[in-house]
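Peer 1: FYI, in the UniProt record's numbering the residues of the sequence shown are 1 to 132.
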Amino acid sequence: MINLPAKNMGKKCPCGGGKYANCCGPFHTGTKLPRTAEQLMRSRYSAFARNLVEYIAATWHPSTRPEQLELSDNPVWLQLQIIASGSQGNRGYVHFIAYFAAEDGIAEMEEESEFIREQGRWWYLNAISVEH
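(1) Going along the chain, which residues of its own chain have a beta-carbon closer than 7 Å to the beta-carbon of A37, five neighbours each way excluded?
(2) So, under 8 Å CB-CB, R42 and G17 are touching, yes? Tell me the CB distance rounded to an integer number of Å.
(3) Check the DSSP bridge columns for H95 and list the partner residues they point to.
(4) My output table needs one value for G16: the three-state DSSP class, helix, strand or coil.
(5) Assuming I106 and L78 make a contact with CB atoms under 8 Å, what is their CB distance in whole Å?
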């Protein structure tokens, strides 16, 4: 469980889903578990935006999680756009574009992430970058 300052809970959620206290905040504090692959992906994006490395590691499936995770080169994340998401059985995917601040303006990262549900809990597995 991550302790977050109360002042952060009233702000807009980085994932764009409303107020942080009603969106990704409960996932980050451990009071709720994401019910869908998309909720998990949004909460992970918000965790990257807030530098919550413990949450990112805790939601990464043990079979694909790196031994060490650090966010020293984490950019300033600006916006999340969900292109498509879905699940079939215990497998899920989310295709998204994440916008971030770059030296020469705004850049984007497009990705399709894969998720798996085990014992009722969603986990991030891996991602495939989408090139244009």
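Just so you know, even glycine gets a beta-carbon here, dropped at the ideal spot from N, CA and C.
If you're wondering where the values come from, they're calculated on a predicted model, not measured in any experiment.
Peer 2: Checking against the coordinates, here is how it stands:
(1) The answer, listed in chain order, is S85, S87, G92, Y93, V94, F115, W122.
(2) Yes, R42 and G17 are in contact; Cβ-Cβ is about 6 Å, under 8 Å.
(3) In DSSP, H95 forms a bridge with A84, E112.
(4) When secondary structure is reduced to three states using DSSP, G16 falls in the coil class, being assigned neither helix nor strand.
(5) Going by Cβ atoms, the distance from I106 to L78 rounds to 7 Å, so yes, they are a contact pair.
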